[in-house]
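K.L.:
So in my numbering, the last one in the sequence shown is 308, and the numbering has no gaps at all. Even glycine gets a Cβ: it sits at the ideal position worked out from N, Cα and C.
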Amino acid sequence: MSRHHVVITGTGRAGTTFLIQLMTALGMPTGFREHAPDIHPHSNAGMEWDIRDRHAPYVVKSPWLCDQLDDVLSDHDIAIDHVLVPVRDLFSAAESRRSVSRSARKHDAPGGLWDTSDPENQEKVLMAKLYKLMYALAKHDIPVTLLHFPRITHDADYLYDKLKPLLSVAQRWSFHDTFSRVVNPSLVHDFRSPRQPEKDLA
Numbered sequence: 107m108s109r110h111h112v113v114i115t116g117t118g119r120a121g122t123t124f125l126i127q128l129m130t131a132l133g134m135p136t137g138f139r140e141h142a143p144d145i146h147p148h149s150n151a152g153m154e155w156d157i158r159d160r161h162a163p164y165v166v167k168s169p170w171l172c173d174q175l176d177d178v179l180s181d182h183d184i185a186i187d188h189v190l191v192p193v194r195d196l197f198s199a200a201e202s203r204r205s206v207s208r209s210a211r212k213h214d215a216p217g218g219l220w221d222t223s224d225p226e227n228q229e230k231v232l233m234a235k236l237y238k239l240m241y242a243l244a245k246h247d248i249p250v251t252l253l254h255f256p257r258i259t260h261d262a263d264y265l266y267d268k269l270k271p272l273l274s275v276a277q278r279w280s281f282h283d284t285f286s287r288v289v290n291p292s293l294v295h296d297f298r299s300p301r302q303p304e305k306d307l308a
């Protein structure tokens, strides 16, 4: 019998940790407890599971599934009911990773540079990973919801409407209360590209 999962994945640095914290606070089976210290202090990253672990909870956060999803879905012991992909502008997603690596003074810091030691190459790597993910989702016909970041951190109605089909909490007001308790606007950083005058946040 297949194990069913909802997956949160993508390039990272786009609110995936916030989403898993929110779902935990909403009482969804994430494998974590609310207020548990499962976050890396320098990057606000963490709360991840390997979906191939037979003890993995129903809701799994894993950026590695960008690379692994096609292989995972060839394993008939695992069924993915839905995938949530927060999407951030490419420069900011890459710059957030560069910022974490600079602060930690090492390339392999959690939430830092991903699959490259060249900071200037991070955008290309993230583009390739996101394409690989989308191709696997299309190939296996997996339902997917794209979530705009940073909107998910300041528009509770938008996020509620996007997540409602997956939520056990049916009442909008209850979702709003939990959202307000969990969200931390101070963790949303402003990165600007010289070619991108429009403001965007993390």
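#1: Where does M153 land, buried or exposed, given buried means 16+ other C-beta within 10 angstroms?
#2: Judging by CA-CA distance, which residue of K245, E226, F124 and R287 is the nearest neighbour of S177?
#3: Given a threshold of 16 other Cβ atoms within 10 Å of its Cβ, counted over all protein chains shown, does S180 qualify as buried or as exposed?
#4: I need the DSSP call for L175, collapsed to helix, strand or coil.
#5: Going straight from the alpha carbon of K270 to that of T251, what length do you get?
#6: DSSP on I248, reduced to helix/strand/coil?
#7: Could you tell me whether the segment 152 to 168 touches the segment 222 to 232, where touching means 3 or more Cβ pairs closer than 8 Å?
#8: Over what stretch of residues does the alpha helix (DSSP H) that includes V288 continue unbroken?
#9: Output the boundary residues of the alpha helix (DSSP H) element that contains D263.
#10: Assuming L69 contacts L190 under a Cβ cut-off of 8 Å, what Cβ separation, rounded to an integer in Å, is found between them?
#11: How far does the beta strand (DSSP E) with V166 in it reach, from first residue to last?
#12: So, helix, strand or coil for R208, using DSSP?
P.N.:
Short version:
#1: Under the 10 Å beta carbon count, M153 is surrounded by 16 or more other beta carbons and is classified as buried.
#2: Here residue 177 is Asp; the residue named in the question, Ser, does not match the sequence. Nearest C-alpha to D177: K245.
#3: When all chains shown are included, S180 counts as exposed.
#4: Looking at L175 - three-state DSSP - the assignment turns out to be helix.
#5: Each residue's alpha carbon lies about 11 Å from the other.
#6: DSSP places I248 in the coil class of the three-state scheme, outside both helix and strand.
#7: The segment 222 to 232 and the segment 152 to 168 do not touch, with fewer than three beta-carbon pairs separated by less than 8 Å.
#8: First-last of the alpha helix (DSSP H) with V288: R278 to V288.
#9: Run containing D263: A262 to L269, per the alpha helix (DSSP H) assignment.
#10: Since the first residue of the chain shown is 107 and the last is 308, residue 69 is not available in this structure.
#11: V165 to K167 is the span of the beta strand (DSSP E), which, as asked, contains V166.
#12: Correct three-state label for R208: helix.
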